[in-house]
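The next block holds one structure in the form of structure tokens; read it before the comments.
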Amino acid sequence: MTRTKWFRSLLCLLTLVFFIGQSTPILAETMGSVSISKMRNAGEGKSVPVSGSTYALARVDDGNGIVDASAEVLNKDKAEQILTELSSLTLTDLQKRATNQTLYYSNPTDADGRTTVNSLTGGLYYIVEVSKDTKGEWQRTSTSVPSLIFVEVGRVSTIAIKNKDLPKPDATTYKVKKVWKGKELSSVTVNLKQNGTIIDSVVLNADNNWEHTFTNLTKVDSDGSAYTYTVEEEVPDKFTATYEQMADKSGTIITNTYTPPTPPGTPILKTGTLGIFWLIGIAVILIGIGYKLYRTDEK
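Using mature numbering (1 follows the signal peptide of the UniProt record, and there is no 0), the letters of the sequence shown correspond one by one to residues -28 to -1, 1 to 271.
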């Protein structure tokens, strides 16, 4: 009886091992993966990997015939329709829109600019770059272009994320003009400041008609805040400088006025000094009188 129970237990164990061994490949074949890479244009035809980028994936359609496993668009109209529909959705709304109400987050891209998301069911996936805000919550970013890719079961689909072409910041100019009152010098140096920091300089003289225009100045910083531009002259000795905004507010007029040194005046004797001279004068007179009396006595 004991031997029979032992054989039954062994048979159950073998059956379980056989089932697990057969079911594991079947499970693997029903899942797919996405390999994501991100590169940045370094100029001169060179690209460098971008590390630290994280992505959220949402299954949005069965995807047959729309985009393939290499992110090649097969049905342009349908793909553009889906991308347009999802472009304005928050991550919360995107999760609700997903066919399985789930977002899959990747690990950050590594030093080679790559990351992989595993255990995905087959279908069309929307990929968007994300980052955490100050509260630690995920949000969409605008540094790369959202994409679509079709995940095939049992294989790794690959996609290279495109960087978004950000608009170049508008440039501005700033003018400076020099005016002299009285004596003129041969040249003077004027510094251009951006938010109080010197970023450029120019030497004004008769050759440039005592004026200059600083060009290609960035209007706003990376946060969208406007830069403030000012000029400051290296004021020469014996001159004063005044600053006046141009009528069209395109720059500044700097006026230099010569301030000649004060000529030396007649020295004024102090009261104590004057008293000394009086004493010396009286002493000389007394000596003279005494000498005269001395000569009179000799006679």
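Ideal Cβ positions, reconstructed from N, Cα and C, are used throughout, including at glycine.
All values derive from a computational prediction rather than experimental measurement.
Cβ-based neighbour list, residue i, same chain, cut-off 8 angstroms, excluding 5 preceding and 5 following
i	result
GLY196	none
VAL125	GLU1, THR2, MET3, GLY4, THR93, GLY94
PRO(-4)	Its pLDDT being 44, under 50, PRO(-4) is placed unreliably by the model, and the measurement read from it follows with that caveat. Excluding sequence neighbours, PRO(-4) sits near nothing in its chain.
LEU46	GLY37, ILE38, VAL39, ASP40
THR212	ASN228, THR229, THR231
TYR27	ILE8, TYR77, SER78, THR87, VAL89, ILE99, VAL100, GLU101, VAL102, ILE133
residue 278	Limits of the chain in this structure are -28 at one end and 271 at the other, which puts residue 278 out of reach.
LYS153	THR227, ASN228, THR229, TYR230
Buried/exposed call for residue i, threshold 16 Cβ in 10 Å
i	result
ARG86	buried
ILE252	exposed
LYS149	buried
LEU258	exposed
ILE261	exposed
TYR215	exposed
SER59	exposed
THR169	exposed
ARG31	buried
SER91	exposed
GLY24	exposed
Rounded C-alpha distance that separates residue i from residue j
i	j	result
THR229	SER194	40 angstroms
SER222	LYS147	6 angstroms
HIS184	ASP209	23 angstroms
GLY17	LYS10	16 angstroms
LYS164	LYS155	As written in the sequence, residue 164 is Leu, which differs from the Lys given in the question. Rounded to whole angstroms, LEU164 to LYS155 spans 25 angstroms at the Cα level.
GLU205	SER7	58 angstroms
LEU63	TYR97	14 angstroms
residue 275	TYR201	Because the chain is modelled from -28 through 271, residue 275 falls outside the range shown and cannot be assessed.
TYR76	TYR199	40 angstroms
VAL151	VAL162	13 angstroms
ILE54	ALA83	32 angstroms
LEU(-2)	VAL117	Unreliable placement is indicated for LEU(-2), whose pLDDT of 42 sits below 50; no coordinate value is reported for it.
LYS48	LYS68	25 angstroms
ASN167	ASN13	30 angstroms
VAL89	THR71	18 angstroms
ASP33	THR74	13 angstroms
THR81	VAL22	7 angstroms
ALA219	ASP142	23 angstroms
GLU109	LEU29	16 angstroms
LYS50	SER19	31 angstroms
Same chain, Cβ closer than 7 angstroms to residue i, five either side skipped, listed in chain order
i	result
SER(-6)	Residue confidence for SER(-6) is low, a pLDDT of 42 falling below 50, so the modelled location carries little weight; the figure read from the coordinates is stated next. So no residue of the chain qualifies.
THR144	LEU189, LYS191
SER119	ALA43, ILE99, ILE131, ILE133
ILE254	none
GLN111	LEU63, VAL102, SER103, ASP105
GLN217	THR224
LEU61	ARG69
LEU157	PRO208
GLY35	GLY95, LEU96, PHE122
Contact set for residue i: own chain, Cβ-Cβ below 6 angstroms, skip 5 residues either direction
i	result
ASN177	SER159
GLY(-8)	Unreliable positioning characterises GLY(-8) in this predicted model, as indicated by a pLDDT of 47, which lies under 50. The coordinate reading is nonetheless provided below. Here the set comprises nothing.
TRP182	LYS150, LEU176
Whole-number beta carbon distance between residue j and residue i, since they are thought to touch under 8 angstroms
i	j	result
LYS136	SER114	6 angstroms
Three-way DSSP call (helix, strand, coil) for residue i in this model
i	result
GLN53	helix
GLN67	helix
ALA30	strand
ILE38	coil
LEU58	helix
ASN135	strand
LYS48	helix
residue 273	Here the chain covers residues -28 to 271 and nothing more, so residue 273 does not appear.
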